[in-house]
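Worksheet: the structure to be examined is printed underneath.
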Amino acid sequence: MRFAFGQGFYPHDRLEEFRALVRLAEEAGFAMVMTGDTPAIMGDTYVGLTTIALETSRCRIGTYISNPVTRHPTVTAAAIASVNDLSSGRAFLGLSTGDSGVYNLGLKPAKQAELEEYILAVRGLTQEGEAVYKGHALQMSWYRGKVPIYMAPGGPKGLRMAGRIADGVFLETGFLPDVIADTLRQIEEAVQEAGRSIDDIDIWWHARACMGDTVDHAIEKIPSGLLGIGNRLARFQQEGKFISDDIWAKLQELKRRYDFMSHHENKASGTQRNAAMLDELGLREYLSARFGILGNPDDFVARITQLEALGVKNIAFTALMPDKADFLRNMKDNVIPRVRLD
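Reminder that position 51 of the sequence shown reads as 155 in our numbering, one-by-one numbering, no gaps.
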């Protein structure tokens, strides 16, 4: 097997702990170390990226995930270009329409067309020093360079756009066999229609991961993590997502009740305002099967082996597990050596 792994952390943790986790992730063999962009519930993403850049020397670093709503494209272009300089060209920019980083500011996510315009503007500013955005000419005079832009599509429209314009993707469609096959088909078709090669896109899959003695034990540690990605799955249309009507109804209730200020809660954080819905709505089995890599190290290796056979290669995790250092050490000692890294 050939696998690479990525791990996202959040700078709202104690700074020394954040630094230690970042270093441990690189030492463990993670190819990407990232941080999110949701200022109401964690620290600043570019302070986090600067810290990662200073604490690492090999891994790629980037936003996992930012949005087009809370920053002007020139501000984003300047910030990620600065991180790219600081890290000797290791940076990338992850963008999607917006999740907790938008909702917790009382704002709405961008539409797909707005996201596309934003991506093209940031790319134009970093690579050419100029762009047009919302009818206005923009300039950035001090930087010329390529910073890869990744998307995080979870539905058909996003997948098609990613195939056209993204340098990379963090796929949030899930791990059900039919879903994997359809996701890869849609990207391949979009790439071909745009006159590109599938090799032009760096493909990663987003998983909810946690170690435990058993799968159920691991689920008990991150119920809100599973619900968070379920809440994203509930957005927009049902069509094309391989979701049955009964599950769609449950996901719509999840979306109605979801508390974005508790988006990254876990048992270690004390209050868990979303967690009870995993069983109240009967979503435990579905969300863990669709998005989870859960259990002990043997369970991880077995799950990764299964996913590899279905066409999955690179996998990125979000640090929602209560004991992040223990997870990284387990990956380093008991998982990564058993799945050859790309």
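All C-beta atoms, glycine included, are put in the ideal place defined by N, C-alpha and C.
> With 16 as the cutoff for other CB atoms within 10 Å, does Ser-301 come out buried or exposed?
Replying inline: Taking the first residue of the sequence shown as 1, we reach residue 301 at position 197. That one is exposed.
> Using CA coordinates, which residue listed in His-176, Ala-420, Tyr-247 is at the minimum distance from Ser-186?
Replying inline: Looking up residue 186 in the sequence shown gives position 82. Nearest of His-176, Ala-420, Tyr-247 to Ser-186, Cα basis: Tyr-247.
> So, is Pro-115 buried or exposed, given that buried needs 16 or more other C-beta atoms within 10 angstroms?
Replying inline: Translated into the one-based positions of the sequence shown, residue 115 becomes position 11. Under this definition Pro-115 is a buried residue.
> Are Gly-51 and Ala-311 touching if we call contact CB-CB under 8 Å?
Replying inline: With the chain running from 105 to 446 in the structure shown, residue 51 is simply not present.
> Should Ala-181 be labelled buried (16 or more other beta-carbon atoms within 10 Å of its own) or exposed?
Replying inline: Taking the first residue of the sequence shown as 1, we reach residue 181 at position 77. Buried, since its Cβ has 16 or more Cβ neighbours within 10 Å.
> Is the segment 196-203 close to the segment 252-267, with three or more CB pairs under 8 Å?
Replying inline: yes
> Taking the Cβ atom as the reference point for each residue, do Asp-203 and Thr-167 lie within a distance shorter than 8 Å?
Replying inline: If you number the sequence shown from 1, residue 203 lands on position 99. If you number the sequence shown from 1, residue 167 lands on position 63. Contact: no.
>> Rounding to the nearest angstrom, what Cα-Cα distance links Gln-342 and Trp-352 in this structure?
In response: In the sequence shown, counting from the first residue as 1, residue 342 sits at position 238. In the sequence shown, counting from the first residue as 1, residue 352 sits at position 248. So the alpha carbons of these two residues sit roughly 7 Å apart.
> If you count every other CB in all the chains shown that lies within 10 Å of the CB of Gln-410, and 16 or more means buried, which is it?
Replying inline: For the purposes of this step, residue 410 is identified with residue 306 of the sequence shown, where counting begins at 1. By the neighbour-count rule (16 or more Cβ atoms within 10 Å), Gln-410 is not buried but exposed.
>> Quick check on the DSSP output: the alpha helix (DSSP H) that includes Met-138 runs from which residue to which?
In response: On the sequence shown, position 34 is the one that residue 138 refers to. Here Met-138 belongs to no alpha helix (DSSP H); instead the beta strand (DSSP E) covers 136-139.
> Near Val-173, what residues of its chain come up, given a Cβ to Cβ distance below 6 Å and the 5 sequence neighbours on each side ignored?
Replying inline: To locate residue 173, count along the sequence shown from 1; it is residue 69. Excluding positions up to five away in sequence, the list reads Gly-202, Val-206, Leu-211, Ala-214.
>> Relative to the C-alpha of Asn-400, which candidate in Leu-330, Phe-134, Ala-313 has its C-alpha closest?
In response: Translated into the one-based positions of the sequence shown, residue 400 becomes position 296. Considering only alpha carbons, the answer is Ala-313.
> Just checking my contact of Met-315 with Met-138 at CB under 8 Å: how many whole Å lie between their CB atoms?
Replying inline: Indexing the sequence shown from 1 puts residue 315 at position 211. Indexing the sequence shown from 1 puts residue 138 at position 34. About 20 Å separates the two Cβ atoms, so there is no contact after all.
> Buried or exposed: which applies to Leu-119, given that a residue is buried once 16 or more other Cβ atoms fall within 10 Å of its Cβ?
Replying inline: Your numbering for residue 119 matches position 15 in the sequence shown. Looking at its Cβ environment, which holds fewer than 16 other Cβ atoms inside 10 Å, Leu-119 is exposed.
> Is there contact between the segment 255-267 and the segment 314-331, where contact requires at least three CB pairs shorter than 8 Å?
Replying inline: no
> For the segment 121-130 against the segment 156-170, are there 3 or more C-beta pairs whose distance is under 8 Å?
Replying inline: yes
> Does the distance from the CB of Glu-276 to the CB of Gly-299 come in under 8 Å?
Replying inline: The residue you call residue 276 lines up with position 172 of the sequence shown. The residue you call residue 299 lines up with position 195 of the sequence shown. Result no, Cβ atoms of Glu-276 and Gly-299 do not sit closer than 8 Å.
>> Pull the bridge partners of His-321 from the DSSP assignment, please.
In response: Translated into the one-based positions of the sequence shown, residue 321 becomes position 217. According to DSSP, His-321 bridges with nothing at all.
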